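S.K.: One structure coming up, written as structure tokens, with questions to follow.
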Amino acid sequence: MLSVFQVVFILFALFAIVSVVNKRRESSLGPKGMLFWILFWVGASIVVMWPESVQIIARRFGIGRGVDFVIYIALVIIFFILFRLHVKFEELKRDLTKVVRDKALDK
Amino acid sequence: MFIAIVPAHNEEKTIGSVVQSLFEHVDSVVVVDDASSDATSREAEHAQAIVLRHEINLGQGAALETGHTYARGMNADYVLHFDADEQFDAADIDPALEKLQAQGADILFGSRFFDKRSNMPWFKRHVLAPLGRIVNLLFGAVQVTDAHNGFRILNKKALDKIRITQNRMAHATEILALTKKYHLNYIEFPVQVTYHEYGQRAVGGFKIVRDLLWGKIVK
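Line by line, the protein sequences are chains A and B.
Our numbering puts the first sequence at residues 744 to 850.
Our numbering puts the second sequence at residues 188 to 406.
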């Protein structure tokens, strides 16, 4: 019997995969990005459907509970993405500065 | 050639008189209009300044660096940083340049602490300014008494070495750090600062520290 959380999560994951595919169609996401995000949501769904499945991997890493393992991994991924985003943002800022400066000087 | 760089953001009331006061002391005045929404550009042009206009607001550091790029292109011998809000007194320029030349220094930093002319608010003098000095120490800057004073004169060597990447207010610390990094000879010089508004608040200080930290991580 599925719990309410499982139903809601699966529906959300389906919605997320649909929007990933749509973004790919609009070319605002590369093929690698699409693959990563689809695998991510499929993997997350598997974990939500069969929580015991991560238990085995968690033990191997010396972590008692499967849920803890998932949370640790999720945090690591989130912080890494945050870092990447910030670097990207700084690069954008530098590019923007260059464009605005060149235009100001080009008179 | 001695070029004054005046970064300006919405300073239509004061920019005209600031530009006029500068012409007695420098060869050329460059106003970098950082996407003002008022008539700053028009007023500056009316006062015969060369106006470089940012179409998007980038910050004071970015405006100074745009002025630097222009000055390098013009092969300037000296550049002056001067605020657009009538804080500074143009009469300080000639003695400052003389001292820079006499001492063979590469860069001169204006300071409000060398004499009693400036009417600095108490909180700023006794809390914010000392905190600023600690921040500069942590970020590897040369120690000056008045780190966030916008009055500076750079010679050709300093102009070539100092390339500002901190777009917003953290550029003041960045300039001091670059001075140390490139072993530029620096001196301080007393300048008068008249406070019209309070200027930078404590929140601004936190933003500077944040920008500096990110600058260290992302570079």
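Virtual Cβ for every residue (Gly too), placed ideally from N, Cα, C.
Just so it is clear, the structure is predicted and the values come from calculations on it, not from any experiment.
Would you kindly work out how many angstroms separate the C-alpha atoms of B/VAL329 and A/MET792, rounded to a whole number?
M.R.: To locate residue 329 of chain B, count along the second sequence from 1; it is residue 142. To locate residue 792 of chain A, count along the first sequence from 1; it is residue 49. Distance between the alpha carbons of B/VAL329 and A/MET792 is about 59 Å.
S.K.: Determine the contact status of B/TYR257 and A/LEU848, defining contact as a CB-CB distance below 7 Å.
M.R.: Sequence index remark: in the second sequence, residue 257 of chain B carries index 70 (1-based). Sequence index remark: in the first sequence, residue 848 of chain A carries index 105 (1-based). Closer than 7 Å, so yes.
S.K.: Which parts of the stretch 763 to 819 of chain A are runs of the alpha helix (DSSP H), unbroken and 4 residues or longer, counting only runs that do not cross its ends?
M.R.: Whole alpha helix (DSSP H) segments, 4+ residues: 774 to 792 and 795 to 803.
S.K.: Quick check: the Cα distance between B/ASP293 and A/ASN765, rounded to an integer number of angstroms?
M.R.: Here residue 293 of chain B corresponds to residue number 106 of the second sequence, with the count starting at 1. Here residue 765 of chain A corresponds to residue number 22 of the first sequence, with the count starting at 1. Rounded to the nearest angstrom, the two C-alpha atoms are 58 Å apart.
S.K.: Measuring alpha carbon to alpha carbon, tell me which of B/ILE340, B/ASP214 and B/PHE393 ends up nearest B/GLY319.
M.R.: Indexing the second sequence from 1 puts residue 319 of chain B at position 132. Closest by alpha carbon: B/PHE393.
S.K.: With distances taken Cα to Cα, identify the nearest neighbour of A/GLY809 among A/GLU795, A/LEU818, A/SER771 and A/VAL750.
M.R.: Taking the first residue of the first sequence as 1, we reach residue 809 of chain A at position 66. Taking only the C-alpha atoms, the option nearest A/GLY809 is A/GLU795.
S.K.: Return yes when the Cβ of B/LEU363 is within less than 7 Å of the Cβ of B/ILE150, no when it is not.
M.R.: Summary: the structure shown does not reach residue 150 of chain B, with chain B confined to residues 188 through 406, and so no result is reported for it.
S.K.: Along chain A, which residues have their Cβ under 9 Å away from the Cβ of B/ALA249?
M.R.: Translated into the one-based positions of the second sequence, residue 249 of chain B becomes position 62. Per Cβ cutoff of 9 Å: THR840, VAL843 and ARG844.
S.K.: If you drop the 5 nearest sequence neighbours on each side, which residues of the same chain put their C-beta closer than 6 Å to that of B/VAL331?
M.R.: The residue you call residue 331 of chain B lines up with position 144 of the second sequence. Result list for B/VAL331: PHE296 and GLU375, in chain order.
S.K.: For the alpha helix (DSSP H) that contains B/PHE210, what are its first and last residues?
M.R.: As a working mapping, residue 210 of chain B is identified with position 23 in the second sequence. Taken as a continuous stretch (DSSP letters only), the alpha helix (DSSP H) holding B/PHE210 covers 202 to 210.
S.K.: Taking the Cβ atom as the reference point for each residue, do B/VAL219 and B/ALA250 lie within a distance shorter than 7 Å?
M.R.: By one-based count along the second sequence, residue 219 of chain B stands at place 32. By one-based count along the second sequence, residue 250 of chain B stands at place 63. Yes, the pair counts as a contact, with Cβ atoms nearer than the cut-off.
S.K.: Which residues, taken in chain order from the stretch 230 to 260 of chain B, show a beta carbon closer than 8 Å to some beta carbon of chain A?
M.R.: Within the stretch 230 to 260 of chain B, the qualifying residues are LEU239, ARG240, HIS241, GLU242, ILE243, LEU245, ALA249, GLU252, THR253, THR256, TYR257 and GLY260.
S.K.: Take B/VAL396 as the anchor and find which of B/MET356, B/TYR369, B/SER224 and B/ALA231 has the nearest alpha-carbon.
M.R.: As a working note, residue 396 of chain B is residue 209 in the second sequence. The shortest Cα separation from B/VAL396 among B/MET356, B/TYR369, B/SER224 and B/ALA231 belongs to B/MET356.
S.K.: Taking all protein chains shown into account, decide if A/GLY807 is buried (16 or more other Cβ within 10 angstroms of its Cβ) or exposed.
M.R.: Residue mapping note: residue 807 of chain A aligns to position 64 of the first sequence, counting from 1. Under this definition A/GLY807 is an exposed residue.
S.K.: Beta-carbon separation of B/SER208 and B/ALA283 under 7 Å?
M.R.: By 1-based counting over the second sequence, the position of residue 208 of chain B is 21. By 1-based counting over the second sequence, the position of residue 283 of chain B is 96. No, the pair does not count as a contact, with Cβ atoms beyond the cut-off.
S.K.: Starting from B/SER298, trace the beta strand (DSSP E) in both directions and tell me its first and last residue.
M.R.: Taking the first residue of the second sequence as 1, we reach residue 298 of chain B at position 111. Run containing B/SER298: 294 to 298, per the beta strand (DSSP E) assignment.
S.K.: With DSSP run on the structure shown, which of helix, strand or coil describes B/HIS196?
M.R.: Taking the first residue of the second sequence as position 1, residue 196 of chain B is located at position 9. Three-state DSSP puts B/HIS196 in coil, outside helix and strand.
S.K.: From A/VAL842 to A/GLN798, what does the alpha carbon distance come to, in whole angstroms?
M.R.: Here residue 842 of chain A is taken as the residue at index 99 of the first sequence, counted from 1. Here residue 798 of chain A is taken as the residue at index 55 of the first sequence, counted from 1. For A/VAL842 and A/GLN798, the distance between alpha carbons rounds to 52 Å.
S.K.: Measure the Cβ-Cβ separation of B/GLY337 and B/ASP270 and say whether it is below 7 Å.
M.R.: Translated into positions along the second sequence, residue 337 of chain B becomes position 150. Translated into positions along the second sequence, residue 270 of chain B becomes position 83. Going by C-beta atoms, B/GLY337 is nearer than 7 Å to B/ASP270.
S.K.: A/PRO774 to A/ILE781, Cα distance in whole Å?
M.R.: On the first sequence, position 31 is the one that residue 774 of chain A refers to. On the first sequence, position 38 is the one that residue 781 of chain A refers to. The straight-line gap from Cα to Cα measures roughly 11 Å.
S.K.: Relative to the alpha-carbon of B/ILE237, which residue among B/SER228, B/VAL217 and B/THR227 has its alpha-carbon at the smallest distance?
M.R.: Numbered from its first residue, the second sequence carries residue 237 of chain B at position 50. Comparing Cα-Cα distances from B/ILE237 to each of B/SER228, B/VAL217 and B/THR227, the minimum goes to B/VAL217.
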